[in-house]
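Take 1 as the starting number for the sequence shown in full-length UniProt numbering and just add one per residue.
Ideal placement from N, C-alpha and C gives every residue a C-beta, glycine not left out.
One structure below.
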Amino acid sequence: MIAREAINNVIKHANASKVHGQLRSMNEHKLQFIIQDNGEGIDSGCEIKSISQRVQHLNGTLEVESNKGTKLIIEMPTGGIA
1 MIAREAINNV IKHANASKVH GQLRSMNEHK LQFIIQDNGE GIDSGCEIKS ISQRVQHLNG
61 TLEVESNKGT KLIIEMPTGG IA
């Protein structure tokens with residue numbers, strides 16, 4: 001759901017021509033998901049509030065980098081909800 005919502009945000013709001021996603025295991029207890037686009041960037045957290053809430057619910061963290069495009073870095077434990 002988090003990945004789908006992030007990609008939908010890119011399609012609806014970013015005016016991007018490219019989007020890249022990467023999922024990797026950081027170690028046996030943590031996954032990292034990165035989604036990056038080359039769109040307009042975002043002005044505020046309004047567009048990612050729902051994503052942030054979902055990540056927090058799964059005991060994860062969300063980092064947002066927005067300059068030329070937007071990069072979301074999501075890290076979460078492999079066990080999910082504690």
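Starting from residue i and walking both ways along the beta strand (DSSP E), at which residues does that stretch end?
i: HIS20; result: 19–27
i: GLU75; result: 69–77
i: LYS30; result: 30–37
Go through its chain and collect everything with a Cβ distance to residue i's Cβ below 7 Å, but skip five positions before and after it.
i: SER17; result: ASN38
Considering residue i, what are the terminal residues of the alpha helix (DSSP H) in which it resides?
i: ILE7; result: 2–9
i: ILE51; result: 49–57
Does the beta-carbon of residue i have 16 or more other beta-carbons within 10 angstroms, so that it is buried, or is it exposed?
i: GLY79; result: exposed
i: ASN15; result: exposed
i: ALA82; result: Bear in mind that a pLDDT of 49 at ALA82, under 50, signals an unreliable position, so the number given afterwards is only what the model happens to contain. When all chains shown are included, ALA82 counts as exposed.
i: MET76; result: buried
i: ARG4; result: exposed
i: SER66; result: buried
i: ASN9; result: buried
Just to confirm my understanding: we take residue i, look at its own chain, exclude 5 residues before and 5 after, and list those with CB closer than 6 Å. What are they?
i: ILE48; result: none
i: PHE33; result: LEU23, ILE74
When the distance is taken between beta carbons, is residue j closer than 8 Å to residue i?
i: ALA6; j: ILE42; result: no
i: LEU72; j: LEU58; result: no
i: ILE11; j: VAL55; result: no
What does a CB cutoff of less than 8 Å around residue i pick up in its chain, not counting 5 residues either side in sequence?
i: GLN53; result: none
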